Structure formats: structure tokens, C-alpha cells
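Shown next, in C-alpha cells, is the structure this report addresses.
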Amino acid sequence: MEETAKELEATNFLEKIIEDDLANGRVPDGKIITRFPPEPNGYLHIGHIKSICINFGLAQKYGGTCHLRLDDTNPAKEDVEYIDSIKRDIKWLGFDWGKHEYYASDYYGQLYDIAVKLIREGKAYVDSLTPEQMKEYRGSLTEPGRNSPDRDRSIDENLRLFEEMRNGVYPEGKYLLRAKLDMASPNINMRDPALYRIKYETHPRTGDKWCIYPMYDFTHPISDAIENITHSFCTLEFEDHRPAYDWATSIDGIEHAPHQYEFARLNISYFVMSKRKLLQLVKLGIVDGWDDPRMPTISGIRRRGYSPESMKDFVGRVGVAKVESVVDYSLLEFCVREDLNKRARRVMVVLDPIKLVIDNYPADKTEMIEADNNPEDPSAGKRLIPFSKELYIEREDFAIDPPKGYHRLYVGNEIRLKHAYYVTASGYETDSEGNVTVVHCNYDPESRGGTTLDGRKVKGTSHWVSVKDAVSAEIRQYDKLFASDNPGAATGNYLDDLNPDSLTVLNGAKLEPSLLSAKPGEYLQFMRSGYYMADSHDSKEGHPVFNRTVTLKDSWDKMKQKMGLK
Ligand code: ATP
Ligand code: MG
């Protein structure tokens, strides 16, 4: 895998473009300037991580600068909550825009002046077509459009109408300002695109100063030009808009013409990643907000326990291409596990407990057993865990009738208790329904630390928690939010594919005492079960709540083994 990631890196076509531009003196002062330009109409998702890594990552790599620009052209859908979350999420990923925080709304004055100039030069006009007429006049992919009857309105009248639009004389939808380009263009985006619309909305930044707002396709390229962006990277759906981008950045008087380059969006199986759908999940109450740990939002995966490093590794492995594809969900989880394996503190948690009583162990004794915090990282140190006569072990670690190949505890069989002693089961108790309630065993006092004097080996190792020292907690076992790898493909409605088992809450788990003070942000591995993190909303001192980040293993690991990958 390591090699694949490097190879992809080496063939990244955006880097080739930059290197070529730098080598040929096409970049002023040899400093590239990129930007990450979200519309503040929702929270960022994993797809955006790709764009963030491209824009900030390439600027870093080539000694340039990356701007954060909020493309806030639609006040009806935008909110300061979104702006704040976007900034928090980019910082969490470890990127910094420094002083380069910009807003398209900062340029409303300049955009207005450019629009007026276009009208003066006869290159833009105020149109009164209704939306239905507009559609009719636009033509189709196979038929050219027709000129609006308003296209020949006089310059003076256009100037007057546009000013009146700005002054709030007309209702929404009455007029549009359009560029006079070419209604017969094979590219529909060039058929007299709208430049300004009337909208009576309070803007998060400009308040009620404006009641006309510039369109995205007009604002975005000019904002890039104003900021001296050298390389404007965006996703493939903007390819058809590139002629409109080039038109806008070549308007007389705009000194700097940036170039737009498109790359493929990141899509992941089992995920929906459009802000519209994510907003719907929040609004319908299907999830517990934008940062629900099942959401593919950056705030959701942070709360769930994914690390920023694993996400950067993931987008690095996916690479940058010009062809749309869907990345397998298991690659994402593979990257999460790889990273957490290195950084997570190992702890013992019994999710579905039964009691194990060591009959030959003194009743009032407690020993402190030393355990590694992380065998992958000696610098993580060690901790002491209390061990006593009564322990909890997992229900599945004991069998009355062991199936073939079962190496855990059954009467007569010996296993190792992790970090502690060897024990051999001697009997068990059941309730009236025949469920095991207590398992009895004897321990070998000479096997402390998990090794015996005679060197005999056992095949099973169980984790455990001392009954009198155990901590209780709520544990949220998260699974995929959708049950289909392509939500909505079968019925047309992605909501039909919600996974009814995406969250299972466990209240009976028993945890080692160090977890009483676990903090959100601390990466944990519950040994033999998965990676977990304390929940940032609901976990409280004395009442911990844990989210399952990811299970320990899955099909990707098996596939990897089969393919002989490291
Ligand atoms: P969505 O379609 O999910 O609502 P968007 O394209 O409207 O997202 P923006 O806020 O406009 O979201 O996105 C900011 C930048 O992130 C844009 O340059 C966009 O191309 C890029 N981007 C959005 N989604 C993805 C994705 N899935 N993969 C890579 N880049 C993306
Ligand atoms: Mg967009």
C-alpha cells in the first residue's frame, strides 16, 4: 500500500501542472496561490478533505499560499454557524490560512462596479423573462437557445433598471442581470448566464446592505482574480463552467487571469456526501445533528474518533485523478485502523460481562498488575490495573459445550488472563433459563504476568475487569448509516437505504477504572473489540459515554492479507 500511495503522489497531474508553470516562469514571483472555497451552507464532509489537502497541501509543497475563501453568494442558505464549523474543521486537519481569510461578500462592491461597467459597454442587460420563459429560451443540449426580447434594451434603460434593482424597487424574480454572450453556444453555461438576481435576504456578513446578489459563476472567478489566485482547483462538475470562468476573468480591467483545473470528486461507498442530503438527515432528526458520529462530516468523524492523520493518509492513498470513481468504504476504515493502531491507548473493557470467580484466590486481596499502554509505542508507558478474586469476562469467552476449535474458557481448559495469570475453569452456575451467570476457576499463582514457570502454552487469552473496581459506562456501537453501498440506487430515495442498526447502545459494559477520567480526543483501543473515544457531548466525569470509532478488523484486512500487502 505504501508504494501505491507514493506512486499516485508521483503522478499527480495537478503537481505536474504547477511544476511546469513554475519551470516556465508563469507564476508571479514563483509563489503559487491556491484557495479552498466552501459555500458556508453546511458542514464540511470527507469529500472536502480531499479538496482541502489539494489546495493547502500543494501550496505547502511548493512554498506558496492557500487562502480560505467563503463563497457566500446565497444568503438564504448560509449561516455563521457554518462559517465557524468550517474554520474549526480545517484547523483540526492541521492547515492554516494565516491572515488569508476572505469572503466573496467582501467583493460585492467591486462586483457591482464590474456589472455596471459591463452594462455600459453593452455586454450585459436586464432581463424580465419569467423562469418558465427563461427555460424555454435557453434551448437544450441539442438545440440552440433564442435571444430574449430584452436583449436589445438600451444601455441607459439597463443602467436605470439595474440601479432600481439594487434600490429595492422590484420584487424577487422580476428581473435578472445577464451577460450578453451567445445564446447559440453549444455550452449552455455560455448562453447569456445570469450575473445578478434580486433577493430580500439578510446576509450573515453584509446584513441588509444588498437586495441583489451576484451569481456564483460570476462571483467565484472574479474573487479568484482579485486574490491573485494562480491555480484554481475544483471538482469535475465545474468543467463545463470553465468557459464562463475564463470569460469572467478576462473582463476588461481585471488584471490577473487565474486558471481553473478540475479533479474528480471523492466518493465513498455507503456514504452520501452532498450537503443537501446531509442537511436533510439533520432536519429530519435521523441523526443527532451535523456532528453525529455516523455522519461523514468532519465534525462527525472527529466526534467518532477518527484522527486527522488517518484522513490525510486516506486522501493520499485515493490520489488525485480526472476520472470519477467510488472508493471502497473499507479503505477508509483501513486507514483509520492503521493510524489508531499506532496511537491508541489499550484498555480492557468487557462489553457483555459474566462473572469469573477464582476459587483459590484470597477474597480480600487486590493486586496491581502492570500493563503496556501501547505495545506499538513503548513511549506510551505503562499503567497499573487492579486484579482480584472476582472478575468480569466476556460472555462469549466461556462455553458450556465448546464448538470445535474453541480455545477460550470451558470446564477443564486453561487460558491466560491478559497481563495477569493462567486460569483453568472448574465449573459454572446458571440462572433459571440456563444462562451462565458465574464461571468458577482456579489460577496458577506462579503464572503472574501471563507466563508460566514450566513454559506451557495456552491458545486463549481473555481480557477482564476486576468486579469491585469496575466502572460502568454507556457504549455506543456505531455502524454504517446506510445499508447499501450506493444509497438510493434501487428506489431513487437514499432514505430507503438507512441502516436500522446504525446505532446500538450498550449499558451493561464493565470498564477498567482508568476509563473513569477518559477525555474526548483521547484515542482508545478496547482490546479485542475496537477503537473508541469518549463522546464530546455526553461523556461526563463519573459518567463516561464512549463512541465506537471502528471495529478492530474487517474484510479489508482479510483482503490485504490475501493480497500479501503490508
Ligand atoms: P456538496 O456538493 O457536497 O454540497 P459543494 O461542492 O457544494 O459540496 P462547496 O462548499 O462548494 O461544496 O465545496 C468547496 C470545495 O470543495 C469546492 O472546490 C468543491 O469542488 C470541493 N468539494 C466538494 N465536494 C467534494 C468531494 N466530494 N470531493 C472533492 N472535493 C469536493
Ligand atoms: Mg458547490
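Residue numbers (the numbering used here): 150 to 715.
Where is the CB? At the ideal position from N, CA and C, for every residue including glycine.
Model, not experiment: these values are computed from the prediction.
- With the rule of 3 Cβ pairs closer than 8 Å, the region 413 to 426 does not count as touching the region 390 to 400.
- When beta bridges are read from the DSSP output, Thr579 appears opposite Val585.
- Per DSSP, Ser448 is one residue of the alpha helix (DSSP H) stretching across Ile447 to Arg453.
- Trp613 places its beta carbon less than 8 Å from that of Leu505.
- The Cβ-Cβ distance between Ala632 and Lys659 does not fall below 8 Å.
- His194 sits in a strand when the DSSP states are folded into three classes.
- Put simply, of Lys689, Asn696 and Ala667 the residue whose alpha carbon is nearest the alpha carbon of Ser678 is Asn696.
- Residues of the same chain with a CB within less than 8 Å of the CB of Lys210, apart from the 5 flanking positions on each side, are Glu164 in chain order.
- For Lys531, the enclosing beta strand (DSSP E) stretches over residues Lys531 to Ser537.
- DSSP places Arg309 within a helical segment (H, G or I) once states are collapsed to three.
- The beta carbon of Gly317 is closer than 8 Å to those of Tyr349 and Cys360 in its chain, skipping five residues each way along the sequence.
- Annotated three-state conformation of Ser372 is helix, per DSSP.
- The region 466 to 474 and the region 625 to 645 do not touch, with fewer than three beta-carbon pairs separated by less than 8 Å.
- Residue pairing for Asp501: DSSP places it in no beta bridge.
- Taking 8 Å as the cut-off, the Cβ atoms of Ile195 and Ile417 count as close.
- Counting only runs of at least 3 residues, the region 316 to 380 fully encloses the following beta strand (DSSP E) elements, listed from N- to C-terminal order: 325 to 328, 343 to 347 and 361 to 363.
- In the DSSP assignment, Thr653 falls within the unbroken beta strand (DSSP E) covering Leu652 to Leu655.
- Close CB contacts of Ala529 within its chain, under the 8 Å cut and outside five residues either way in sequence, are with Arg494, Asp521, Asn522 and Asn523 (chain order).
- According to DSSP, residue pairing for Ala683 in a beta bridge involves Phe695.
- Our two residues, Thr379 and Met283, have alpha carbons roughly 35 Å apart in a direct line.
- Taking the Cα positions, Lys323 is about 27 Å away from Ser372.
- In this structure, the alpha-carbon of Ser200 lies about 30 Å from that of Lys668.
- Under the three-state reduction of DSSP output, Ile417 falls in the strand class.
- The beta carbon of Val699 is closer than 7 Å to those of Glu482, Val485, Arg486, Gly679 and Tyr680 in its chain, skipping five residues each way along the sequence.
- Runs of the beta strand (DSSP E) lying entirely within the region 193 to 239 and spanning at least 3 residues, in chain order: 214 to 219.
- Around the beta carbon of Lys629, a 10 Å sphere encloses 16 or more other beta carbons of the protein chains shown; the residue is thus reported as buried.
- Here Asp238 is near Leu193, since their CB atoms are less than 8 Å apart.
- The beta-bridge partner set that DSSP reports for Leu242 is empty.
- Shortest gap from the CB of His686 to any heavy atom of ligand 1: 7 Å or more.
- With respect to Val572, Ile203 sits apart: the two C-beta atoms are not nearer than 8 Å.
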